[in-house]
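Enquirer: One line per chain: the protein sequences are A and B, in this order.
Basically our numbering = 1-based index in the first sequence + 263.
Basically our numbering = 1-based index in the second sequence + 279.
Heads up, the beta-carbon is just placed ideally off N, CA and C, and yes, glycines get one too.
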Amino acid sequence: MILRTQLSALARRPARALLTGMALTIAACAVFGTALSHQVVRQVAVERLSQTPATTDLVVTATPTLDTLRKVRAVPGVAEAVGRVDGYVELERISSAYLQVNADPGSGPLAKVRLTRGRYPSAPHELAVTRRAADRLKLPVGTVVSLRLDAPDTSDPDAPRRSVRATVTGLVEAADDGLEAAYTTDAFAAQLAVVDRWRQIDVRVAPGVSLDAVRAGLAAVVDSDASDSIVTGAQARVREQKETLVDIDVVFVAMSLFVVLAVIAAALVTASTFRIVFAQRLRQLALLRAVGADRRVLARALAAEGALTGMVAGVLGVLAASALGLLVPLVLRGFGIDVPRPGFPVGTAVAVVAGTVLVTMLTVLAPAFAAARVAPLEALRTASTTAGRRGIGGVRAVVGALLAGGAVLSGAVAAASLNGSRSPGQGTMVLMLVLCSFVLAFLALIALGPVVVRPVLAVVSWPLRQRGATGRLAASGVGAAPRRAAAVSTVVALGVALIALTLVVGATTQAAADRQAASVAPEDFNVVADDGAVVPDSVIQAARARAELTAVVPYRTATVRVGASRSDVMATDLDLRQLGARGPQPEPRPASEPGQPQARPATDAPDTVGSRRVAMDQAVARAAGVRSGDSVTIMLGQRTLDVRVAVILDATPLGAGIIVSPTDLDQLGVPRGPTGLLADAARPGEQGRTAAYQALAAISPADQGLRLAVLADQRDQTREETDVLILVLLALISLTVAVAVVGVGITAALSVVERVRESGLLRAVGMSRGGLTAMLTTEAALYGVLGATLGVLLGLPYAAMSIKTFDSTVPVEIPFGQLAATVAVLTALTALAGLLPARRAARLSPMEALATDG
Amino acid sequence: MRTESFQQVPSARSGAAVAVAAVDLVKVYGVGETAVRALDGVTVSFARARFTAIMGPSGSGKSTLMHCLAGLDQATSGQALLGGTDLTVLPDRVLTRVRRERVGFVFQSFNLLPQLTARQNITLPLDLAGRRPDPARFDDLVTALGLGDRLGHRPSELSGGQQQRVALARALVAEPDVVFADEPTGALDSRTGAEVLELLRGSVRQFGQTVVMVTHDPGAAAYADRVVVLADGRIAGEIDSPDPRSVTEALRRLAVPA
Ligand SMILES: Nc1ncnc2c1ncn2[C@@H]1O[C@H](COP(=O)(O)OP(=O)(O)OP(=O)(O)O)[C@@H](O)[C@H]1O
Ligand SMILES: [Mg+2]
């Protein structure tokens, strides 16, 4: 009976039920969506990224050569055999550019590419390229290009450079269009890429011939253990698929971690929502209790209601994900990307719905029992808001304090072991401690939320309260229900803490990479003479004369040996004082303990290098067993030179192992002519860089044996890679943030509903429509500000600690701008989430609002 | 004591200036079959610095009339004149100012915001207008209403009578042109009710306040200077200088159950 009353209440207000389950709907959608995309990605990987065409019968993998290929073709029963090459060739250009080289028949069953324009190469000195190669490397059909052939032994400086010319005869489309690749006949491919870069030979057996017979024939040809090196096409494909799928699965496992976070956020939001919904029905529940309803029956009815909500949410989430699964391929097709439509894995769908119901049951239990404990007398209460208790119970306070204590303790232990001496393997343990501390701190925040929220609210709402009645009312509205404010802002805090963590770690990594790049690539351009050649004086003079260039620094390099180490290192006489002002100033380093010389950045070094005083890369120093201040012998051929190590650098320009003075190089017998030239673009930005590039290309044509490397581009590229990684992480975290924002929206909507009479009263005593909207929106925004503030406060120390875990010397960079932007964006988002219910409340006339049955 | 047909009502007693008036006011709720004509052409005026009671059977349109005159609700046709301004043609933005600055309202229940203290509730209209309360008037009011030691309390910590007195203080603090009170004693016991009525009458006598009050209780109506009787959305009559007995008698004569 009671169940029926409750369910009919639910049926009368389906919108309310949807609202209650909304966070779970999003979570279910995310889970099922991840499952669907996993399925699609696996499918695409298996179909498209497989290296071996489906028509291949046998695959010879035993390091084949052109000779092997010829023999294989001669084996009776072999209809077609295609050698696959996996190599690169360098274009004969001033700035280095590479083409991936592949062998392919271009047509027939074993072809992996499809010709889209021109003609497929049929003879040597002909290439077909992918569209990307044609665009990026400017290789349209008809271009004649010089390709550098590496001599097998490149260490011989006197070996003549060889190059071949080839004509681009056509454009091809390959399965993986993301590469700058060239396709040609196997013979030419073998000439371009060196012999040992043959990967495999795909064999198609003539119809009617026994596979085993051919296999036996092949085994005789490759004369190695046949069972290993000759497999069927199917086996090869399965092996390749396994490798790809393992990679894909790892990515999806990582993704699932973030989905799990979103599910946790959704569970927190839903628990809070149930609390609010049940509190709003408190009088009704009390009335039921007053007329004799049993407490347990009541609780069971409420829990059943929760289960139903969970079921609806789960089904909706699954349907939403499926709808997206149908929609996304359509949209992608619009962009020319062909993606198959996901199927509908019924088992997974049922599991997702069941999981949603389970999570809902877990979240509804505590609120249901709390609500069922209502005293029958509550029915007689006239107070219209259900603000609930303000503080927290004793048990909760104790649990919260214990959790907080645990968080501080594990954090302190982690911090202590960071400062102390490090032993290998300790890093993982410290990281686990930090993680553990973070989880404990978050749980403590959940437990102590209502107590924590009030002082934080008092601080963050201070400017608001100065601004007038609307702000004051909004602040007191949030403050009147601290448990609710705590519940919803805790979820926001979770998202923001993760964002803050990512931003700080990202900024620190970026800054460290920048410092590294500033050392390694101290200027924008590097012109290098080929082995044995020098940069002509005319080129240096020309470079100095060009207005597009500045900080032109010629240098010499030589390959030397240091001390007892057996490996060659590069020595250079690059004058650090002449380098353009690049990168950050010397970083503030923690004072190093005496006797433990720290590696230092190159920016510290300029004045320390002199005659017989060298700067050394820290890896080289470690290999040679050298410390700062030690003496060491440098050898070049028969000549030796004793020098002192003035400074050890943690990164050196040009990747040099040792930086010496020009006189030292002279003494080692290195010829006078500079072997390289560094230069900066005179003007900033892309334009300045392009102008400088053209200037350098004009004064140093390729036939003078000079090569131009754009160090600035390399610098930007590492930057971009870090940026992309940060963006991906932020995108994954945004799922949790979205759930949190929806939580704020739900809370705002429910608060507005329950406080509709309050709104009416405010309007009756003269609050304008805009004022009411502003007040209610501000309340929602305050949830966001609260959560964001807590999140940043929580995230920062853990960001610092996790950075210190990896490298205790790196100064932590706090991106204040980005953090402020995060808080601002969250405030705006939560305000937006509150705007809709606020406008609904403000649309009611004061009398309609007052007449509503509270 | 005299009854009149509604055509003769408009003029105010004793030539006093008119504070609020309704002219042929019509209010229809809903549309079509279910439409309810809550006010069916009401013409009535309320004199300045006088205490007027509105009586009539349940559903006769008393609350609706007050809401329309206070700018809380939009009339269907006719005029609702507040100090000569027709509220029915004003946009919501202006009506908001009217409510804030020229009208005080006391409801039967739920008058106070639960999260604000008594003091904050009293000054709410002024806060919304961005004004500070005149300290002298505030003190006078608080003393007159006997709220001196209750200002820091929240509504949940006040008795019903105290809550109603806070609501009264809020209605009076901005010195409005008129105070409307809809059954202000409905939820109170007779002694507390009498206190509130005394206060209302006191504000008329002491501060020259205009007060219009809806009540079902002839005893409460007797505190007023004049009683207007409403039935079926029309003025059914009025009583000057009422006392409990004359009111009951008049209501009975009008076949209006109190
Ligand atoms: N929001 C509304 N929608 C529809 N009808 C309404 C609405 N408010 C009032 N009414 C109708 O208008 C008529 C007058 O209502 P009103 O509240 O003015 O009566 P009242 O005289 O104040 O009654 P009471 O003494 O019971 O408070 C009634 O018939 C009522 O049913
Ligand atoms: Mg009424």
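Give me the subset of the segment 1038-1055 of chain A whose CB atoms are less than 7 Å from a CB atom of chain B, sorted by chain position.
Expert: Against chain B - using a Cβ distance shorter than 7 Å - the segment 1038-1055 of chain A contributes no residues.
Enquirer: Quick check: is the beta carbon of ALA650(A) nearer than 8 Å to any beta carbon in chain B?
Expert: As a working mapping, residue 650(A) is identified with position 387 in the first sequence. Residue placement at ALA650(A) is flagged as unreliable, the pLDDT there being 44, under the threshold of 50; the coordinate-derived value follows with that caveat. Yes, because at least one Cβ of chain B sits closer than 8 Å to the Cβ of ALA650(A).
Enquirer: What are the residues of the segment 1020-1032 of chain A that lie near chain B, defined by any Cβ-Cβ distance shorter than 8 Å?
Expert: Cβ contacts with chain B come from ARG1020, GLU1021, LEU1024, LEU1025, ARG1026, ALA1027, VAL1028, GLY1029, MET1030, SER1031, ARG1032.
Enquirer: What residues are listed by DSSP as bridge partners for ILE911(A)?
Expert: Stepping through the first sequence from its first residue, residue 911(A) is reached at position 648. Answer is MET879(A).
Enquirer: I want to see whether chain A comes within less than 8 Å of ARG372(B), judged by CB atoms only; does it?
Expert: Your numbering for residue 372(B) matches position 93 in the second sequence. Yes, ARG372(B) lies at the interface with chain A (some Cβ there is under 8 Å from its Cβ).
Enquirer: Just list the beta strand (DSSP E) runs in the segment 771-848 of chain A, keeping only unbroken ones of 3 residues or longer that don't cross its boundaries, in chain order.
Expert: DSSP runs (the beta strand (DSSP E)) wholly in the segment 771-848 of chain A: 788-792, 812-818, 820-825, 831-835.
Enquirer: Taking 8 Å as the limit between beta carbons, can you name the residues of its chain near LEU764(A), skipping five residues before and five after?
Expert: Within the first sequence, residue 764(A) is the residue found at index 501, counting from 1. Excluding positions up to five away in sequence, the list reads GLY1058, TYR1061, ALA1062, SER1065.
Enquirer: Under a CB-based cut-off of 8 Å, is LEU1113(A) close to chain B?
Expert: For the purposes of this step, residue 1113(A) is taken as the residue at position 850 of the first sequence. LEU1113(A) counts as touching chain B.
Enquirer: Three or more C-beta pairs closer than 8 Å, one from the segment 386-399 of chain B and one from the segment 463-482 of chain B: is that the case here?
Expert: With a cut-off of 8 Å, the segment 463-482 of chain B and the segment 386-399 of chain B count as touching, because enough Cβ pairs lie within range.
Enquirer: State the DSSP-derived secondary structure class of GLN286(B), mapped to helix, strand or coil.
Expert: Locating residue 286(B) in the second sequence gives position 7, counting from the first residue. With a pLDDT of 34 at GLN286(B), under the threshold of 50, the predicted position of this residue should be treated as unreliable, and no value is reported.
Enquirer: Check for me: the beta strand (DSSP E) holding GLN358(B) runs from which residue to which?
Expert: Walking along the second sequence from the start, residue 358(B) turns up at place 79. From DSSP, the beta strand (DSSP E) with GLN358(B) extends over 356-361.
Enquirer: Looking at the secondary structure, which residues open and close the alpha helix (DSSP H) in which SER585(A) lies?
Expert: As a working mapping, residue 585(A) is identified with position 322 in the first sequence. Note, SER585(A): alpha helix (DSSP H), 558-597.
Enquirer: Taking a Cβ distance cut-off of 7 Å, strictly less, list which residues of the segment 609-639 of chain A are near chain B, in chain order.
Expert: Listed in sequence order: no entries.
Enquirer: Please list, following the chain, all residues that have a C-beta closer than 5 Å to any non-hydrogen atom of ligand 1.
Expert: Cβ-based neighbours of ligand 1 within the cut-off: TYR308(B), VAL315(B), ALA317(B), SER337(B), GLY338(B), SER339(B), GLY340(B), LYS341(B), SER342(B), THR343(B).
Enquirer: Could you say which of THR315(A), ILE600(A), ALA286(A) lies nearest to GLY496(A) if we only look at CA atoms?
Expert: The residue given as residue 496(A) occupies position 233 in the first sequence. Ranking THR315(A), ILE600(A), ALA286(A) by Cα distance to GLY496(A) puts THR315(A) first.
Enquirer: Exposed or buried, GLN950(A), counting other C-beta atoms within 10 Å across all chains shown (16 or more means buried)?
Expert: In the first sequence, the residue the question calls residue 950(A) occupies position 687. Its Cβ having fewer than 16 others within 10 Å, GLN950(A) is exposed.
Enquirer: For the segment 719-744 of chain A, which residues have a CB atom closer than 9 Å to at least one CB atom of chain B, in sequence order?
Expert: Under the 9 Å Cβ criterion, the segment 719-744 of chain A contributes GLY731, ALA732, THR733, ARG735, LEU736, SER739, GLY740, GLY742, ALA743, ALA744.
Enquirer: So that I know if they touch, is there some Cβ in chain B lying closer than 8 Å to that of GLY1034(A)?
Expert: To locate residue 1034(A), count along the first sequence from 1; it is residue 771. Closer than 8 Å to some Cβ of chain B, the Cβ of GLY1034(A) qualifies, so yes.
Enquirer: To be precise: take each residue of the segment 469-500 of chain B, compare its Cβ to all Cβ atoms of chain A, and keep it if any distance is under 7 Å. Which residues remain?
Expert: The segment 469-500 of chain B vs chain A, Cβ under 7 Å: nothing.
Enquirer: Should GLY350(B) be labelled buried (16 or more other beta-carbon atoms within 10 Å of its own) or exposed?
Expert: The residue labelled residue 350(B) in the question sits at position 71 within the second sequence. Classification of GLY350(B): buried, given that the 10 Å Cβ count is 16 or more.
Enquirer: In three-state terms, what does DSSP make of LEU282(A)?
Expert: Here the question's residue 282(A) lines up with position 19 in the first sequence. In this structure, LEU282(A) counts as helix in the three-state DSSP scheme.
Enquirer: Return the chain-ordered list of same chain residues with a C-beta closer than 6 Å to the C-beta of ARG1106(A), the five sequence neighbours on each side being excluded.
Expert: Counting from 1 along the first sequence, the entry for residue 1106(A) is found at position 843. Result list for ARG1106(A): empty, nothing under 6 Å.
Enquirer: Please confirm whether SER647(A) has its beta-carbon closer than 8 Å to some beta-carbon of chain B.
Expert: As a working note, residue 647(A) is residue 384 in the first sequence. Only weak support is given to the placement of SER647(A): the predicted model assigns it a pLDDT of 43, under 50, and the question is left unresolved by the model.
Enquirer: State yes or no: is the C-beta of VAL493(B) nearer than 7 Å to some heavy atom of ligand 2?
Expert: On the second sequence, residue 493(B) is found 214 positions in, with the first residue counted as 1. VAL493(B) Cβ: within cutoff of ligand 2.
Enquirer: If we define contact as Cβ-Cβ less than 8 Å, is SER680(A) a contact residue for chain B?
Expert: Taking the first residue of the first sequence as position 1, residue 680(A) is located at position 417. False, the Cβ-Cβ gap to chain B never drops below 8 Å.
Enquirer: Straight-line CA distance for ARG902(A) to ALA453(A)?
Expert: Numbered from 1 along the first sequence, position 639 holds the residue referred to as residue 902(A). Numbered from 1 along the first sequence, position 190 holds the residue referred to as residue 453(A). Rounded to the nearest angstrom, the two C-alpha atoms are 42 Å apart.
Enquirer: Check whether the Cβ of ALA408(B) lies closer than 8 Å to any Cβ atom in chain A.
Expert: The sequence position of residue 408(B) within the second sequence is 129, counting from 1. Interface residue, yes.
Enquirer: For TYR502(B), does the three-state DSSP call read helix, strand or coil?
Expert: For the purposes of this step, residue 502(B) is identified with residue 223 of the second sequence, where counting begins at 1. Residue state, collapsed to three classes: coil.
Enquirer: Going along chain B, which residues have a C-beta under 8 Å from SER1108(A)?
Expert: To locate residue 1108(A), count along the first sequence from 1; it is residue 845. In chain order: LEU351, ASP352, GLN353.
Enquirer: Give the single residue among LEU329(A), ALA780(A), VAL1016(A), ALA664(A) whose Cα lies nearest to the Cα of PRO916(A).
Expert: Sequence index remark: in the first sequence, residue 916(A) carries index 653 (1-based). Ranking LEU329(A), ALA780(A), VAL1016(A), ALA664(A) by Cα distance to PRO916(A) puts ALA780(A) first.
Enquirer: From VAL719(A) to SER519(A), what distance separates their C-alpha atoms?
Expert: Residue mapping note: residue 719(A) aligns to position 456 of the first sequence, counting from 1. Residue mapping note: residue 519(A) aligns to position 256 of the first sequence, counting from 1. About 33 Å.
Enquirer: Relative to the alpha-carbon of GLN228(A), which residue among VAL602(A), VAL522(A), VAL581(A), SER492(A) has its alpha-carbon at the smallest distance?
Expert: Residue 228(A) falls outside the range modelled here, since chain A spans only 264 to 1117, and no answer is possible.
Enquirer: For ligand 2, any of its heavy atoms closer than 7 Å to the Cβ of ASP496(B)?
Expert: Taking the second sequence and counting its residues from 1, one reaches residue 496(B) at position 217. No; taking the cut-off as 7 Å, the Cβ of ASP496(B) has no heavy atom of ligand 2 nearer than that.
Enquirer: Could you check which residue in ARG819(A), ALA878(A), ARG907(A) has the C-alpha nearest to that of SER782(A)?
Expert: Numbered from its first residue, the first sequence carries residue 782(A) at position 519. Of the candidates ARG819(A), ALA878(A), ARG907(A), the one whose C-alpha sits nearest the C-alpha of SER782(A) is ALA878(A).
Enquirer: I'd like to know if HIS346(B) contacts chain A, where contact means its C-beta is closer than 8 Å to some C-beta of that chain.
Expert: Within the second sequence, numbered from 1, the residue matching residue 346(B) stands at position 67. At least one chain A Cβ lies under 8 Å of HIS346(B).
Enquirer: Look at ASP793(A) and ARG970(A) and say whether their C-beta atoms are less than 8 Å apart.
Expert: Counting from one through the first sequence, the residue named residue 793(A) turns up at place 530. Counting from one through the first sequence, the residue named residue 970(A) turns up at place 707. Closer than 8 Å, so yes.
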